[in-house]
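Per the UniProt record's numbering, the very first residue in the sequence shown carries number 1; after that it's consecutive.
Don't be surprised by glycine CBs; every beta carbon is placed ideally from N, CA and C.
Heads up, the thing below is written out as structure tokens.
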Amino acid sequence: MDKLENEQTNMTNTRSTTEQRMDKLENEQTDMRKILTMITARLMEMAKPGQTPGAAFNITPKDMNKIMPEKNVKTFRDVKGCDDAKQELEEVVQYLKYPSKFTRLGGKLPKGILLTGSPGTGKTLLAKAVAGETGVPFFYRAGSEFEEVLVGVGAKRVRSLFEAAKQKAPCIIFIDEIDAVGSTRMRWEGRTNETLHQLLVEMDGFEQNEGIIVMAATNWPDILDQALTRPGRFDRHIVVPKPDVRGREEILELYLQDKPLADDVNVNSIARHLANLVNIAAIKAAVEGAEKLNASQLEFAKDRIIVGTERKTMFLSEDSKKLIAYHESGHAIVALNTEGAHPIDKATIMPRGSALGMVCQLPSNDETSITKKQLLARIDICMGGRVAEELIFGPDHITTGASSDLSSAAELAGYMVSACGMSDEIGPVHMRVKPGSELESRVDAEVVKLLKDAYNRAKALLKMHEKALHALANALLEYETLNSVEIKRILLPYNEGRLFENIEQQQQEVAEEVELVEQQQQVAEEVEHQQQVAEEVEQQQQVAEEVEHQQEVAEEVEQQQQVADKVEQQQQVSEKVEQQQQVAEEVELVEQQQQVAEEEEQQQQVAEEIQPTTRREKRECRRMATPPPKPRHDQKPRHDQKPLNKASSLVKVAPLRNA
């Protein structure tokens with residue numbers, strides 16, 4: 001019985017467990033239905049009008065894999081500051097231009113080229129330049145564009161991208177920020193792994209001589225999957241470094257080539273974020289209404305980028321200004337008298353950003369490594385501001401303005417001791433100090449020692465050059481901002497404290513710089529004078545052209561007047577001719593009338609002399625003596641009418657017959 005009861009109990013427990021599992025499955029199914037409903041609703045929202053749900057993720061080559069349009073095609077001439085990388089890519093250009101030149105000798109081009117380097121060094125521009133040099137289609141994709149919320153979309157997009165590229169071969173596929181899909185594979189990143197797997201398969205699926213070059217760029221090459229960077233895929237790695245001084249000059253000249261420049265602009269002094277610098281300077285020039293970019297506008301742009309915008313409206317009391325002036329002068333004096341320090345570019349007490357004042361230093365050349373002397377000089381310069389406050393205003397009046405300087409000095413000292421092995425006490429080691437360990441105490445003690453030594457060196461130096469400190473502080477209070485030439489000119493008379501390591505050399509340098517500035521001013525004045533002369537010549541030419549134009553107009557008016565006079569004379573002549581014709585006609589009419597009268601008179605005389613004897617003769621005589629009809633007054637005589645012949649007008653009388 002007990003056994004049966006146990007079996008029944010077990011069956012009851014099993015039934016209850018099964019029911020619980022069924023309830024759990026029903027709940028899971030309900031949850032899945034809710035999730036599917038939400039996904040369907042989301043797809044309906046993302047779908048365009050007329051599309052079915054899911055059409056938003058139906059990515060085809062027609063939608064995604066278009067060739068990147070380029071209004072301004074880039075070439076290697078548009079890429080500056082990375083000549084070594086351009087030389088390595090030149091063989092890719094030659095292969096895409098002349099493939100038979102390589103295949104004839106059995107050469108094969110790398111399938112993939114990986115461009116690595118810091119952000120903004122020109123990796124994407126280099127890839128575009130390769131496409132521009134060869135004239136082949138350029139497919140651009142960002143690594144983040146492959147993934148979506150649905151599983152399998154990334155792999156599908158990779159397949160469609162390579163299918164479109166094969167149709168346009170030879171071509172270039174460029175994947176920017178490839179670390180978004182090509183990082184080291186993890187178990188929990190299923191979707192990214194599928195996309196990476198498909199990318200690896202596609203890169204293995206075409207031959208090296210098919211004319212498809214896969215280029216990619218990343219800022220983090222260390223996190224890429226080893227299967228992606230092995231030979232046969234991305235087997236060519238090209239580092240695009242930051243540009244050196246010459247490279248920055250070339251970049252700056254490239255950005256300035258379409259902008260007018262004044263004669264005082266020295267690209268070399270500025271090229272020490274260059275497109276932004278030129279843009280800020282151009283905006284400043286436009287606000288000021290200038291026609292050309294000058295050195296002051298470019299200097300303004302450089303200061304704005306490095307140290308921030310001027311805070312001209314910030315109120316500072318006279319005591320605060322004085323303290324800031326001595327603080328910055330302390331930095332400057334230490335920098336000028338410490339071996340290994342960078343040259344001073346400018347000193348200012350104009351508040352910028354979060355700083356109330358600053359001393360800007362610029363290295364003379366590119367630094368590939370930093371010496372211990374240079375690091376100690378930087379620590380000494382950081383201490384100069386606090387030491388100046390203590391010397392001039394007393395230990396009780398030092399301020400919090402030196403907190404950032406002390407932080408920088410402590411960071412440099414810790415870097416020297418724990419990372420660079422520049423401590424005699426600790427030795428030449430590179431270590432990670434564990435908190436609370438004995439080694440940490442030793443490192444801290446060595447850092448404090450370096451800081452105290454730097455403070456004492458700065459204090460001794462400023463005591464030696466206290467007069468120069470006062471002179472520079474007073475100049476800053478008066479002018480607010482001083483450049484390197486002005487600082488050296490102010491401090492030149494204070495030779496008693498060996499302000500410069502080699503005073504004659506420094507004087508010569510100052511003189512040369514002053515002479516250079518004067519020459520630049522003379523050149524600027526000459527250019528300005530030439531511009532004025534050119535403007536005057538242009539004005540004179542305009543006046544001469546106006547006078548010549550007026551003369552031409554006067555000549556035209558005179559010619560028109562002469563023509564008018566000739567027309568008037570012709571009209572007068574025609575009127576006179578017409579009058580003469582009328583007079584001639586009247587005279588002719590009078591003559592005709594006189595002739596008719598004379599003929600009538602002659603006829604009467606003849607009639608009187610000849611008396612008819614017979615009736616017949618009388619009738620004949622009467623008939624013959626009848627005068628012709630007189631012309632009407634409204635009818636002018638014809639000009640071609642001939643005068644009557646007197647003989648013909650005589651009456652013919654028949655001879656008398658004898659009775």
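| Query | Result |
| --- | --- |
| DSSP-derived helix/strand/coil call for cysteine 420 | coil |
| Alpha helix (DSSP H) runs wholly inside the segment 506-556, at least 4 long, in chain order | none |
| Paired residues, beta bridge with asparagine 483 - DSSP | Lys346 |
| Beta carbon of threonine 195 nearer than 7 Å to that of glycine 135 | no |
| Reduced DSSP secondary structure (H/G/I, E/B, other) of lysine 642 | Only weak support is given to the placement of lysine 642: the predicted model assigns it a pLDDT of 49, under 50, and the question is left unresolved by the model. |
| Cβ-Cβ separation, proline 137 to lysine 168 (assumed contact under 8 Å), whole Å | 4 Å |
| Residues that DSSP places opposite methionine 358 in a beta bridge | Thr348 |
| Close-in-space but distant-in-sequence residues of the same chain around glycine 421 (CB under 8 Å, 5 per side omitted) | Gly427, Pro428, Val429, His430 |
| Option in Ile324, Val239, Gln581, Leu362 with minimal Cα separation from threonine 399 | Ile324 |
| Alpha-carbon spacing of alanine 524 relative to valine 537, whole angstroms | 20 Å |
| Residue 660: first and last residue of the uninterrupted alpha helix (DSSP H) it sits in | The chain is shown from 1 up to 659; residue 660 falls before or after that span and cannot be answered. |
| Pairwise C-alpha distance: glutamate 177 and isoleucine 223 | 12 Å |
| Proximity winner among Glu446, Arg236, Ser574, relative to leucine 109 (alpha-carbon distances) | Arg236 |
| Alpha-carbon spacing of phenylalanine 234 relative to glycine 81, whole angstroms | 24 Å |
| Start-end ranges of the alpha helix (DSSP H) lying completely within the segment 374-458, minimum 4 residues | 403-418 |
| Distance, valine 485 Cα to glycine 122 Cα | 35 Å |
| Integer Cβ distance of isoleucine 349 from alanine 454, believed to fall under 8 Å | With a Cβ gap of about 24 Å, isoleucine 349 and alanine 454 do not count as contacting. |
| Member of Pro99, Gly289, Glu620, Leu362 whose CA lies at the smallest distance from the CA of histidine 342 | Leu362 |
| Rounded C-alpha distance that separates glutamate 555 from glutamate 546 | 14 Å |
| The segment 380-389 in contact with the segment 326-338 per 3-pair CB rule at 8 Å | yes |
| Short Cβ contact (7 Å threshold) for valine 214 with isoleucine 173 | yes |
| Length of the line joining the Cα atoms of leucine 492 and glycine 340 | 21 Å |
| Closest Cα partner of lysine 128 within the set Thr75, Phe102, Glu438, Val201 | Thr75 |
| Alpha helix (DSSP H) runs wholly inside the segment 205-250, at least 4 long, in chain order | 226-229 |
| For leucine 391 and threonine 229, believed in contact at Cβ under 8 Å, the rounded distance | 58 Å between Cβ atoms; not a contact. |
| Between the CA atoms of isoleucine 490 and asparagine 483 - distance to the nearest angstrom | 11 Å |
| Cβ-Cβ distance between leucine 461 and valine 287 below 7 Å | no |
| Three-state secondary structure assigned by DSSP to glycine 112 | strand |
| Segment limits, alpha helix (DSSP H) that includes phenylalanine 162 | 153-167 |
| Cα-Cα separation between residue 688 and alanine 607, rounded to whole angstroms | Past the edges of the chain, shown from 1 to 659, lies residue 688, and the structure says nothing about it. |
| As assigned by DSSP and simplified to three states, the class of alanine 290 | coil |
| For residue 696, the residue or residues it bridges with in DSSP | Here the chain comprises residues numbered 1 to 659, so residue 696 is not present and cannot be evaluated. |
| Start and end residues, beta strand (DSSP E) containing aspartate 176 | 171-176 |
| Exposure of isoleucine 283, with buried meaning 16 or more beta-carbon neighbours within 10 Å | exposed |
| Range covered by the beta strand (DSSP E) that runs through tyrosine 140 | 138-142 |
| Cβ-based neighbour list, isoleucine 251, same chain, cut-off 7 Å, excluding 5 preceding and 5 following | Lys80, Gly81, Pro243, Leu274 |
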